Amino acid sequence: MKICIVNTTYVDYLRDAADAKVLKNEEDNRTRKYVGVVLTISGFNYFVPLSSPKPTDYIYKDGVRTIRKSVVPIHRIVVKRGNNLNFFGKLKFSSMIPVPDNEYSLLDVDSIEDKKYKSIIENQIRYIRKNSNILQKKHAEVIYKQKTKNISNAPYLNDTVDFKLLELKCREYEMQNELNLEYQNK
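Heads up: the sequence shown begins at 13 in our numbering, then just goes up one per residue.
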């Protein structure tokens, strides 16, 4: 699995043409990098967005703030160091999208100037590489199968993007780009 950035134009295309549940590539009216990991499912490159910790990622147990456990649609990146738990963000499998090869690029970690953000990304990369098999098998493939085969009535599937529709739109996008390229080369 690689940490990548997806082209904003492609993300907007999927949101507008297919599924409004596709996450926006902006937050608070400013563009942010659509950073995540790319893996393969059903012959497609799937991009799984990374997200920062939010207040909803915590619960209180006996008055103590605790990080919620990972579930199929959301895997929390938590690393234990000594007695401390470090929460570096989460992977949102319910929001993963198929993406053509030419619509994503590797994140250049060395070019990140914000040292705190760079450190978070480096910790995420280490965690993702160490746990790639679990992320693929217990999250990506499970939610994909549940959503596309209609084998579960889990409530989180209502908030999950429509993978099959997005795959169709991904293919249409690729074909349109090929036609545009052929036309330009004539």
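Glycine is no exception: its CB is placed at the ideal position from the N, C-alpha and C atoms.
This structure is a prediction, so every number in the text was calculated from the model and none was measured.
Between the C-alpha atoms of Lys92 and Glu190 there is a straight-line separation of about 47 Å. Taken in chain order, the complete alpha helix (DSSP H) segments of 4 or more residues contained in the region 27 to 79 number zero; there are none.
The alpha-carbon separation between Lys181 and Ile155 amounts to approximately 19 Å. Distance between Asn170 and Tyr129, taken at the CA atoms: about 32 Å. Note on Ile132: 16 or more other CB atoms within 10 angstroms of its CB, so buried under the neighbour-count rule. Taken through DSSP and simplified to helix, strand or coil, Asn96 comes out as strand. Within a 10 Å sphere around the beta-carbon of Val60 sit 16 or more other beta-carbons, which makes this residue buried. The alpha-carbon separation between Ala152 and Val84 amounts to approximately 8 Å. By the neighbour-count criterion, in which 16 or more other beta carbons inside 10 Å mark a residue as buried, Glu125 falls on the exposed side. Contact holds between the region 102 to 116 and the region 46 to 64, because three or more Cβ pairs, one in each stretch, are under 8 Å apart. In the DSSP assignment, Ser117 is bridged to Ile17. Val111 is the residue among Tyr22, Asn19, Val111 whose C-alpha sits nearest the C-alpha of Thr52. For Met187, the number of other beta carbons within 10 angstroms of its own is below 16, and it is reported as exposed. Residue pairing from DSSP places Pro110 in a beta bridge opposite Tyr58.
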